[in-house]
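Residue numbers (our numbering): 24 to 387.
Positions of the beta carbon are idealized from the N, C-alpha and C atoms, including for glycine.
The structure under discussion appears below in the form of structure tokens.
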Amino acid sequence: MENGRADTVRIVGLNHHFGAGEARTQILQDITLAIQPGELVILTGPSGCGKTTLLTLIGGLRQVQEGSLRVLGREMAGLTDAGLIEVRRDIGFIFQAHNLFESLTALQNVRMAMELKRNDPDGMRRDAVRALESVGLGHRVHYKPKGLSGGQRQRVAIARALVNRPRLVLADEPTAALDKESTGTVMDLLDALKAEGSTILIVTHDNKILGRADRIVSMADRQIKSNVTAETFQVCEFLRNCPILTGLGADELASVAAQVASERHPAGTEVIRQGDEGDKFYLIKDGKAEVFVRDDTSTRRVRVLARGDYFGEVALMSNRPRTATVLAIDDLDLYVLDKASFRAAIDSIASFQQRLREVFSRRQ
Ligand SMILES: Nc1ncnc2c1ncn2[C@@H]1O[C@H](COP(=O)(O)OP(=O)(O)OP(=O)(O)O)[C@@H](O)[C@H]1O
Ligand SMILES: [Mg+2]
Numbered sequence: 024m025e026n027g028r029a030d031t032v033r034i035v036g037l038n039h040h041f042g043a044g045e046a047r048t049q050i051l052q053d054i055t056l057a058i059q060p061g062e063l064v065i066l067t068g069p070s071g072c073g074k075t076t077l078l079t080l081i082g083g084l085r086q087v088q089e090g091s092l093r094v095l096g097r098e099m100a101g102l103t104d105a106g107l108i109e110v111r112r113d114i115g116f117i118f119q120a121h122n123l124f125e126s127l128t129a130l131q132n133v134r135m136a137m138e139l140k141r142n143d144p145d146g147m148r149r150d151a152v153r154a155l156e157s158v159g160l161g162h163r164v165h166y167k168p169k170g171l172s173g174g175q176r177q178r179v180a181i182a183r184a185l186v187n188r189p190r191l192v193l194a195d196e197p198t199a200a201l202d203k204e205s206t207g208t209v210m211d212l213l214d215a216l217k218a219e220g221s222t223i224l225i226v227t228h229d230n231k232i233l234g235r236a237d238r239i240v241s242m243a244d245r246q247i248k249s250n251v252t253a254e255t256f257q258v259c260e261f262l263r264n265c266p267i268l269t270g271l272g273a274d275e276l277a278s279v280a281a282q283v284a285s286e287r288h289p290a291g292t293e294v295i296r297q298g299d300e301g302d303k304f305y306l307i308k309d310g311k312a313e314v315f316v317r318d319d320t321s322t323r324r325v326r327v328l329a330r331g332d333y334f335g336e337v338a339l340m341s342n343r344p345r346t347a348t349v350l351a352i353d354d355l356d357l358y359v360l361d362k363a364s365f366r367a368a369i370d371s372i373a374s375f376q377q378r379l380r381e382v383f384s385r386r387q
């Protein structure tokens with residue numbers, strides 16, 4: 024329980040193996056994860072790391088082998104097949120292989136999902152048509168899967184998953200076969216469902232939809248490696264690609280990212296001024312800046328900085344005034360660490376500290 028409400032999904036110490044004897048292979052290792060009601064969580068990670076296996080366990084499509092997995096208030100470990108079927112009724116599945124019935128029309132495929140729950144043929148027909156309209160297939164309700172494109176079939180599967188307004192939606196690459204517009208439509212539908220209180224877990228490699236998530240969980244090598252807000256995740260991805268931070272572990276990146284703020288400086292404005300006291304460290308997210316150094320006789324432009332470059336560290340490390348002025352050439356988007364966070368970061372991250380010291384001595 025958290026905040027007095029039961030988690031929609033609560034996993035503790037989950038392990039999973041495939042195969043037997045010598046072929047037995049561990050696929051999931053010590054997975055611990057909680058998803059609260061109404062959250063939209065994205066699960067990401069390299070191919071083969073176990074995402075689909077985890078999703079199918081949460082969906083009651085496989086038996087739990089080891090550990091605890093609670094879904095919608097029920098412990099899945101030890102449930103009989105009948106118990107698992109019961110839990111599955113409250114879940115909407117959107118899976119890679121969309122499993123439409125080839126002999127049924129789009130409308131009949133969507134209607135099927137309601138058969139176990141309802142007994143009002145007219146209402147079911149109306150809701151099925153409405154669900155298909157909402158995924159942009161109002162003009163294809165009487166088509167069978169073989170007459171639909173891959174993306175259209177995927178949208179039928181989505182209509183089918185959402186028609187019952189499930190409390191939990193599990194989606195495996197739901198936008199993989201879709202163009203940009205259909206991806207937007209599908210994400211809008213999932214957002215609308217979330218607004219009604221559904222909890223949504225999406226496996227995806229689609230960077231375009233990361234911003235829609237409340238949280239992003241990354242898996243690698245059978246394990247969960249990080250579990251952060253979408254904003255922190257995007258900062259981490261940016262930091263990971265900054266040369267100065269290359270090689271930092273996920274935990275170190277996440278701890279730095281958690282303290283980063285964003286700033287925007289319009290073209291032509293001064294970000295720091297030579298001689299001022301230094302209070303912040305800057306990384307360039309977007310735009311260009313120029314660095315000027317003034318001495319007794321002249322002012323020289325010493326370099327141009329762009330995305331991924333950084334500045335402002337010298338004054339923070341030396342406790343002396345700024346040694347240069349930095350001007351925004353065009354609108355400049357920056358990630359910023361204040362002095363205390365910067366010092367805490369470099370103190371806690373030995374490799375980061377080492378690299379900064381190297382650069383610092385070169386810039387003296
Ligand atoms: N039924 C099975 N029997 C044996 N091994 C399996 C089975 N299903 C999956 N695996 C193996 O388990 C590992 C994880 O598979 P899984 O499908 O969960 O990966 P994934 O993260 O979803 O990958 P992808 O992004 O490619 O879909 C893989 O090495 C896969 O080969
Ligand atoms: Mg998969």
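Lysine 362 in three-state terms, based on DSSP: helix
Measuring straight from C-alpha to C-alpha, what distance separates glycine 27 and leucine 360? Note that glycine 27 scores a pLDDT of 49, beneath 50, so its modelled location is shaky; the value from the coordinates is reported in the next line. Cα to Cα, glycine 27 sits roughly 35 angstroms from leucine 360.
Once the 5 residues before and after threonine 206 are set aside, which same chain residues still bring their CB inside 6 angstroms of it? Around threonine 206: Thr198.
By the three-class DSSP mapping on this structure, what secondary structure does glutamine 177 have? helix
Report the residue ranges of all beta strand (DSSP E) runs contained in full by the stretch 55-95; include only those spanning at least 3 residues, in chain order. 63-67, 89-94
I think tyrosine 305 touches leucine 339, with their Cβ atoms under 8 angstroms apart; what is that distance to the nearest whole Å? No, tyrosine 305 and leucine 339 are not in contact; Cβ-Cβ is about 10 angstroms, not under 8 angstroms.
Closer than 5 angstroms to ligand 1: residues, by C-beta to nearest heavy atom, in chain order: In chain order, the hits are Phe41, Ile50, Ser70, Gly71, Cys72, Gly73, Lys74, Thr75, Thr76.
Beta-carbon contacts of aspartate 302 that lie in its chain and below 7 angstroms, excluding the five residues immediately before and after: Asp361, Lys362
What ranges does the beta strand (DSSP E) occupy inside the stretch 207-256, keeping only unbroken runs of at least 3 residues that lie completely in it? 222-226, 238-243, 246-252
Would DSSP call lysine 169 helix, strand or coil? helix
What does a CB cutoff of less than 6 angstroms around methionine 24 pick up in its chain, not counting 5 residues either side in sequence? Unreliable placement is indicated for methionine 24, whose pLDDT of 44 sits below 50; the coordinate value is still reported in the next sentence. Closer than 6 angstroms at Cβ, skipping near neighbours: no residue.
Tell me which same chain residues have a C-beta within less than 7 angstroms of the C-beta of alanine 351, skipping the five on either side of it? His288, Pro289, Ala290, Gly291, Thr292, Val294, Gly310, Ala312
Alpha carbon to alpha carbon, how far is lysine 167 from alanine 277? 47 angstroms
Considering only DSSP beta bridges, list what threonine 287 is partnered with. Looking at the sequence shown, residue 287 is not threonine but arginine. According to DSSP, which records beta bridges pairwise, arginine 287 is partnered with Asp356.
Rank Phe315, Arg183, Cys265 by C-alpha distance to the C-alpha of arginine 345 and give the top, closest one. Measuring from the Cα of arginine 345, the nearest candidate turns out to be Phe315.
Using alpha carbons as the reference points, say which of Asn38, Val325, Ala368, Gly331 lies closest to valine 349. Val325
For arginine 148, which of Ala136, Val158, Gly159 has the nearest alpha-carbon? Ala136
Is it buried or exposed for arginine 190, if we count other Cβ within 10 angstroms and need 16 for buried? With 16 or more other Cβ atoms within 10 Å, it is buried.
Skipping 5 residues on each side, what residues in its chain have a beta carbon closer than 8 angstroms to that of alanine 243? Contacts found: Gly68, Pro69, Cys72.
Isoleucine 225 versus valine 133: straight-line alpha-carbon distance, rounded: 21 angstroms
Ignoring anything shorter than 3 residues, give me the beta strand (DSSP E) runs that lie fully in the stretch 106-143, in order along the chain. 114-117
DSSP-derived helix/strand/coil call for aspartate 309: strand
I'd like the span of the beta strand (DSSP E) that includes glutamate 293, first residue to last. 293-295
Could you pull the DSSP bridge partners for lysine 303 from this structure? Lysine 303 pairs with Asp361.
Do glutamate 62 and arginine 323 count as a contact pair if the criterion is CB distance below 8 angstroms? no
For valine 209, which residues from the same chain have a beta carbon less than 8 angstroms from its beta carbon, with the 5 sequence-adjacent residues on both sides left out? Val158, Arg178, Ile181, Pro197, Thr198, Leu201
The alpha helix (DSSP H) with leucine 339 in it runs from where to where? Looking at the DSSP string, the run of the alpha helix (DSSP H) that includes leucine 339 is 336-341.
With a threshold of 16 other CB atoms inside 10 Å of the CB of glycine 335, please say whether the residue is buried or exposed. buried
Do the stretch 249-264 and the stretch 80-98 touch if we need at least three Cβ pairs shorter than 8 angstroms? no
Closest to glutamate 381 by C-alpha separation, out of Ala57, Val337, Glu89, would be which residue? Looking at Ala57, Val337, Glu89, the one whose alpha-carbon comes closest to that of glutamate 381 is Val337.
Compute every distance between the C-beta of aspartate 229 and the non-hydrogen atoms of ligand 4, then say whether any falls below 7 angstroms. With respect to ligand 4, the structure shown offers nothing to examine, as its ligands consist of ligand 1 and ligand 2.
For lysine 308 versus alanine 273, is the C-beta distance shorter than 8 angstroms? no
Verify the contact flag: aspartate 195, CB atom, against every heavy atom of ligand 2, threshold strictly below 7 angstroms. yes
DSSP three-state assignment for aspartate 53, whether helix, strand or coil: strand
Residue span of the beta strand (DSSP E) that contains leucine 350, given as start and end: 348-351
Please confirm whether any heavy atom of ligand 2 lies closer than 7 angstroms to the CB of valine 226. Checking the Cβ of valine 226 against ligand 2 gives yes.
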